[in-house]
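Engineer:
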Amino acid sequence: MLYLIGLGLGDARDITVKGLEIVRKCSRVYLEAYTSLLTVGKEVLEEFYGRELIIAEREMVEQEADEILKDAVDNDVAFLVVGDPFGATTHSDIVLRAVKAGIQYHVVHNASILNAVGCCGLQVKNF
Numbered sequence: 028m029l030y031l032i033g034l035g036l037g038d039a040r041d042i043t044v045k046g047l048e049i050v051r052k053c054s055r056v057y058l059e060a061y062t063s064l065l066t067v068g069k070e071v072l073e074e075f076y077g078r079e080l081i082i083a084e085r086e087m088v089e090q091e092a093d094e095i096l097k098d099a100v101d102n103d104v105a106f107l108v109v110g111d112p113f114g115a116t117t118h119s120d121i122v123l124r125a126v127k128a129g130i131q132y133h134v135v136h137n138a139s140i141l142n143a144v145g146c147c148g149l150q151v152k153n154f
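The sequence shown begins at 28 in our numbering and counts up one residue at a time.
1) Distance check for residue 77 and residue 51, CA to CA, integer angstroms please.
2) So, residue 39 versus residue 59, is the Cβ gap smaller than 9 Å?
3) May I ask which residues mark the beginning and end of the beta strand (DSSP E) holding residue 59?
4) Identify which residue in 146, 87, 49, 138 has its Cα closest to the Cα of residue 37.
5) Which runs of the beta strand (DSSP E) fall wholly inside the region 46-120 and span at least 3 residues, in chain order?
6) In angstroms with no decimal places, state the Cα-to-Cα distance between residue 152 and residue 143.
7) Find out if the Cβ-Cβ distance for the pair residue 33, residue 112 is shorter than 9 Å.
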């Protein structure tokens, strides 16, 4: 099973309870590290989640996605994304590849930059 888990916008504790429970049971946990910036270091996340994180740079996600998906055939694999998992088209591509390969997936949504736009005095309904 492949899990795409949104981390929210703040710090390590912005992950949902459901997301944290899933991370703690997965055999491999990838941290997407190129579409958004983390406000805390990888080590802080690893300490809070109780799991080692594998940094997934652009090249790995876009050109070596099959390696990530291969693990999800027989194991639970988490793919962590700052904000919401579908804040970038690359993440939709991973889901499409999983479906094509017959791999089950589950998405755990979280706050994204669109949810925070009100801090700038803008209204989400206008976008």
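We treat Cβ as the ideally placed atom computed from N, Cα and C, and that holds for glycine.
Model, not experiment: these values are computed from the prediction.
Structural biologist: If we stick to the structure as given:
1) Each residue's Cα considered, the two are about 7 Å apart.
2) Cβ atoms of residue 39 and residue 59: not closer than 9 Å.
3) DSSP places residue 59 in the uninterrupted beta strand (DSSP E) bounded by 55-59.
4) Measuring from the Cα of residue 37, the nearest candidate turns out to be 138.
5) Segments of the beta strand (DSSP E) lying fully in the region 46-120: 55-59, 81-83, 104-108.
6) A straight line joining the alpha-carbon of residue 152 with that of residue 143 spans about 13 Å.
7) In this structure, residue 33 lies near residue 112, with their beta-carbon atoms less than 9 Å apart.
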